[in-house]
Structures are given as C-alpha cells and as structure tokens.
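Chemist:
Residue numbers (this note's numbering): 193 to 345.
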C-alpha cells in the first residue's frame, strides 16, 4: 500500500488537460489522436469529447483511470510504411500523465517492422516525436566499399 507521501508525489506528476496537451504538442505530438479508439481530433479536443461522453454515460474507459491515446507519428500514404504511437494515460480528478508508450513502424500490409515499448514514463519524460520515430526507423547503412578499394595494392 502506498504511503500518503507517495500519493502526494504521484499527484504532482499529474497535469491538468491544458498543460498535458501543451506539453505533448510542444514535443511534436501535434497531429490527430483517437481516445479509446474514437473521437478523432487534436489531443485536447479528442480527450475532452471522450470525457464528455463518459460523463453523459455513453462511454466508459476500457481500464479504470487509464485512457488509451493513438496517433500516427509518420504517415506517407497507404502504400508506404507508417509509424503509430499508443499512449496509456493515467487520469484522476481531471489530471493526466502518460504511463507507457508503444511505438510501431508498420508496413503497408499491417505487419510490424520494428517496435519500441517505453514504460515507467511521465508526460515530461516522453520522447519528442522525432526521437520516437528514430527508435523504430532503420538507420541507413554507410557505404564503405569505395573506401576499401582505394587501399588495395
């Protein structure tokens, strides 16, 4: 069981919706999101619409006090690989914090090419959009063959 000091520390990590959305937007997560697989919109509006539906009894989260956000970090068309991001966000009393994140590079057929799973996160420790994309992007191989040929005798 958590002590009361741990509870206070946890609450300090949680951000109000405006601060939460601004922090992620400033890190490059400025595209459209889905909250719990619906409500496609910018992050703040998507979450707000989901919470309104919960308050009216039309929706409920799949997990208590956790909501899942999904967005594309990179999209170049249906016929090219894309990078998707899923975030598990803790929310309590109108405050939010990212808990974990899955980043996946997926080919045009839906097969995962590479993935990265980040756990024990806070919203402030979430990588930038560019850093997240880099975690699942293959680095181009350097071409050293021309250099090697120059030293033969």
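Here a beta-carbon is modelled for each residue, glycine too, at the ideal position from N, C-alpha and C.
Since we're looking at a predicted model, the values are computed, not measured.
(1) Classify residue 289: buried if its beta carbon has 16 or more other beta carbons within 10 angstroms, exposed otherwise.
(2) Between residue 219 and chain C, is any beta-carbon pair separated by less than 8 Å?
(3) Is the Cβ-Cβ distance between residue 254 and residue 242 less than 8 Å?
(4) What separation, rounded to the nearest whole angstrom, lies between the Cα atoms of residue 299 and residue 271?
(5) In this structure, does DSSP put residue 350 in helix, strand or coil?
(6) Are the CB atoms of residue 322 and residue 220 nearer to each other than 8 Å?
(7) Mapping the DSSP letters down to three states, classify residue 312 as helix, strand or coil.
(8) Could you spell out the range, first to last residue, of the alpha helix (DSSP H) harbouring residue 230?
(9) On the CB-based measure, 16 or more other CB atoms within 10 Å of its CB, does residue 227 come out buried or exposed?
(10) In angstroms, rounded to a whole number, what distance separates the CA positions of residue 213 and residue 235?
(11) Go ahead and label residue 256 buried or exposed: buried means 16 or more other beta carbons lie within 10 angstroms of its beta carbon, across all protein chains shown.
(12) Less than 8 Å separating the beta-carbons of residue 252 and residue 264?
(13) Identify which residue in 316, 249, 328, 215 has its Cα closest to the Cα of residue 296.
(14) With C-beta atoms as the reference, is residue 287 less than 8 Å away from residue 206?
(15) Let's see if you can read the secondary structure: which residues bound the beta strand (DSSP E) around residue 284?
(16) Helix, strand or coil: how does DSSP classify residue 320 here?
Modeler: Walking through what the data contain:
(1) Here the question's residue 289 lines up with position 97 in the chain shown. The residue is buried, with at least 16 neighbouring Cβ atoms inside 10 Å.
(2) The structure shown contains no chain C; it holds only a single protein chain.
(3) The sequence position of residue 254 within the chain shown is 62, counting from 1. The sequence position of residue 242 within the chain shown is 50, counting from 1. Against a cut-off of 8 Å, the Cβ pair of residue 242 and residue 254 comes out as no contact.
(4) The residue labelled residue 299 in the question sits at position 107 within the chain shown. The residue labelled residue 271 in the question sits at position 79 within the chain shown. Roughly 8 Å between the two C-alpha positions.
(5) It is not possible to answer for residue 350, since the shown part of the chain is limited to 193 through 345.
(6) Stepping through the chain shown from its first residue, residue 322 is reached at position 130. Stepping through the chain shown from its first residue, residue 220 is reached at position 28. Against a cut-off of 8 Å, the Cβ pair of residue 220 and residue 322 comes out as a contact.
(7) Counting from one through the chain shown, the residue named residue 312 turns up at place 120. Three-state result, residue 312: coil.
(8) As a position in the chain shown, residue 230 is number 38, starting the count at 1. No alpha helix (DSSP H) holds residue 230; the beta strand (DSSP E) holding it covers 230-234.
(9) Against the chain shown, residue 227 aligns to sequence position 35. It counts as buried.
(10) Here residue 213 refers to the residue found at position 21 when the chain shown is read from its first residue. Here residue 235 refers to the residue found at position 43 when the chain shown is read from its first residue. About 6 Å.
(11) Mapped onto the chain shown, residue 256 falls at position 64. Its Cβ having fewer than 16 others within 10 Å, residue 256 is exposed.
(12) Locating residue 252 in the chain shown gives position 60, counting from the first residue. Locating residue 264 in the chain shown gives position 72, counting from the first residue. For residue 252 and residue 264, no; Cβs fall outside 8 Å.
(13) Counting from 1 along the chain shown, the entry for residue 296 is found at position 104. Residue 328 is the option with its Cα nearest to residue 296.
(14) Against the chain shown, residue 287 aligns to sequence position 95. Against the chain shown, residue 206 aligns to sequence position 14. Against a cut-off of 8 Å, the Cβ pair of residue 206 and residue 287 comes out as a contact.
(15) For this step, residue 284 is matched to residue 92 along the chain shown. Note, residue 284: beta strand (DSSP E), 274-284.
(16) In the chain shown, counting from the first residue as 1, residue 320 sits at position 128. Looking at residue 320 - three-state DSSP - the assignment turns out to be coil, as it is neither helix nor strand.
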